[in-house]
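Asks: Numbers -5 to 442, taken from our numbering, label the letters of the sequence shown in order.
Provided herewith is a single structure, encoded as structure tokens, for subsequent inquiry.
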Amino acid sequence: MTAHADREGHIQAPGRTDAPSPSGAAGPAGAADRSEATGLDGTAGPSGVTGPVGTAARSEAAGSVGTSGRTEAAGSVGTAGRTGVWFIGARGSVATTATAGCAAIAAGLHPPTGMVTETPSFADTGLPALTDLVFGGHDTLDCPLSKRAEALADGGVLPHGLPSAVRAELDAADAEIRPGGPLPGDTRTDQELIAAFAADLTDFNHRHNLARTVVVNVASTEPAPGPDDTRLPASSLYAAAALRAGCSYANFTPSTGLRAPALTDTVASSGLPHAGRDGKTGQTLLRSVLAPMFLQRALAVRAWSGSNLLGGGDGAALADPAAAAAKNAGKERVLADTFGTAPEGEVHIDDVPAMGDWKTAWDHIAFDGFLGSRMVLQTIWQGCDSALAAPLVLDLARLLARAHEKGVGGPLPELGFYFKDPDGGTSAALAEQYATLLAFAERLRDQA
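Here you go:
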């Protein structure tokens, strides 16, 4: 039922309890168990969302956060302090690349290529420094990060020699990865799983004396929950745990996360910043540029079809039609939001294990020009999703941490620049999303 490799990852989730799949519902249970999973368990209530790292416990965890949980963060000023980054799917390709990359950039071994928050537009916005990020996470695998990094270097994802150069940082992060779940045979209820995951986050905060922690889901795509599912999907269990531990949250996957209906009230009452879902790294990134171009030039798009060839854990997970459907929904949404309706055509995803962590995305766009002249635009995108996603994940962690510090809560449509399926209130056009992001940076700077 739960995963944990990342979007470009290396494993499949155990699947639903009734059939194997890359990740799904937590298995059969009563409706009462589902409501318990939201954190409204009769003792904590909505305020329990900020639970273990709220109130006095939170003040112990971070010197830069006052004495009353999230309200203290809203009044604090100055540097962000040591900040936790907690990956769901912590041993996968994206998480490993982000952890190794952060260490390499902080040490001056490589430039921060691809990190928008390292451009001049984000100077003096009060974001936590890369040297102040502390990594941990949940995963169901026990492969050491250093070994995972070596495999990524062998595949050309990481530079050769980098895993050994940042071995100490990888080992430190590896020591902070806790067992995920539920695995087959796990009899814990949703409420018990959420409590266990939240306890891991609280312990991480306290031991490292962190100002705050951002939870980022980079696990394998799970199928959307079915109408008869009585348990929360794995992504929602982790998301609920993040809220209970008082952590901001980003969902870089198409999985349900905070959008489970059973979590609606809990999300609203938490007041915590969150963003998602489904990171925009390649084919959809290009669509969000090209679709507005056709619209602005009054060129009628008749059909827009696409194909993806990819390997690795992402390819294996998306070989499940239900998981692929969840993924494709975000790709098609950009076109529907831009044109008002989705043009004819579909996106197909093929698992090609020989491609490893690399993917090729092809789009065929049929459109009409002046006097009905028929034309076609074709694009080919070849790249490594892990290397494209990792800098964006680091951006999101820093932006959410700063928002949390300044008391900016709730959904952040200002971060729609990073997502296929962003929170409401933002255009699907990349240029407009970027302008909104820059305005958000000014907002953070004004309060720095």
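Quick reminder that beta carbons are idealized off the backbone N, C-alpha and C, glycines included.
Since the structure is predicted, the reported quantities are computational estimates derived from the model, not experimental observations.
Where do the ends of the alpha helix (DSSP H) carrying V88 lie?
Replies: 87 to 100
Asks: Where do the N-terminal and C-terminal ends of the alpha helix (DSSP H) with P267 fall, by residue?
Replies: Looking at the DSSP string, P267 is not in any alpha helix (DSSP H); the run it does join, the beta strand (DSSP E), is 267 to 270.
Asks: Look up P337 in the DSSP assignment and say whether it is helix, strand or coil.
Replies: When secondary structure is reduced to three states using DSSP, P337 falls in the coil class, being assigned neither helix nor strand.
Asks: So D415 and P407 are supposed to be a Cβ contact under 8 Å. How far apart are they, rounded?
Replies: Between P407 and D415 the Cβ distance is about 12 Å, and since that is not below 8 Å, they are no contact.
Asks: Could you please give the first and the last residue of the uninterrupted beta strand (DSSP E) stretch that includes N245?
Replies: That run of the beta strand (DSSP E) goes 242 to 245.
Asks: Going by alpha carbons, who is nearest to F452 out of W298, K400, S282, G265?
Replies: The chain is shown from -5 up to 442; residue 452 falls before or after that span and cannot be answered.
Asks: Restricting to Cα atoms, I'd like to know which of S264, L280, M287, A254 is closest to R271.
Replies: A254
Asks: What does the Cβ neighbour count give for S443, buried or exposed, with the cut at 16 atoms within 10 Å?
Replies: This structure does not reach residue 443, given that the chain is present from -5 up to 442, and the question cannot be answered.
Asks: So G305 packs on D351, CB below 8 Å; how close in whole Å?
Replies: 7 Å
Asks: With a threshold of 8 Å, are at least 3 pairs of Cβ atoms found where one atom belongs to the region 239 to 250 and the other to the region 287 to 305?
Replies: no
Asks: Closest Cβ-Cβ distance between A433 and chain B: below 7 Å?
Replies: No chain B is part of this structure, which consists of one protein chain only.
Asks: So the candidates are R437, D362, K274, S380; which of them puts its Cα closest to the Cα of K400?
Replies: R437
Asks: Taking DSSP as the reference, what is the three-state secondary structure of R296?
Replies: strand
Asks: Thinking just about the alpha-carbon of each residue, which of L394, S249, D136 is nearest to the one in L266?
Replies: L394
Asks: Given a cut-off of 7 Å, decide if W80 and V209 are closer than it, judged by their beta-carbon atoms.
Replies: yes
Asks: Taking the C-alpha atoms as reference points, what is the distance between S17 and H132?
Replies: Low confidence applies here, because S17 scores a pLDDT of 34, under 50, leaving its location unreliable; read the following figure in that light. Rounded to whole angstroms, S17 to H132 spans 15 Å at the Cα level.
Asks: Please give me, in chain order, every unbroken run of the alpha helix (DSSP H) with length at least 4 that falls completely inside the region 206 to 261.
Replies: 228 to 238
Asks: Quick one: Cα of S380 to Cα of A89, how far?
Replies: Their backbone Cα atoms lie some 8 Å apart in a straight line.
Asks: I need the boundaries of the alpha helix (DSSP H) containing K141, first residue and last residue.
Replies: Start and end: 139 to 148.
Asks: Could you tell me the distance, in whole angstroms, from the CA atom of P114 to the CA atom of S87?
Replies: 28 Å
Asks: CB A167 to CB L139, shorter than 7 Å?
Replies: yes
Asks: Could you check if A348 is buried or exposed, using at least 16 other CB atoms within 10 Å of its CB as the buried criterion?
Replies: exposed
Asks: Once DSSP output is grouped into helix, strand and coil, what is the label at T332?
Replies: helix
Asks: Do L386 and G276 have their CB atoms nearer than 7 Å?
Replies: no
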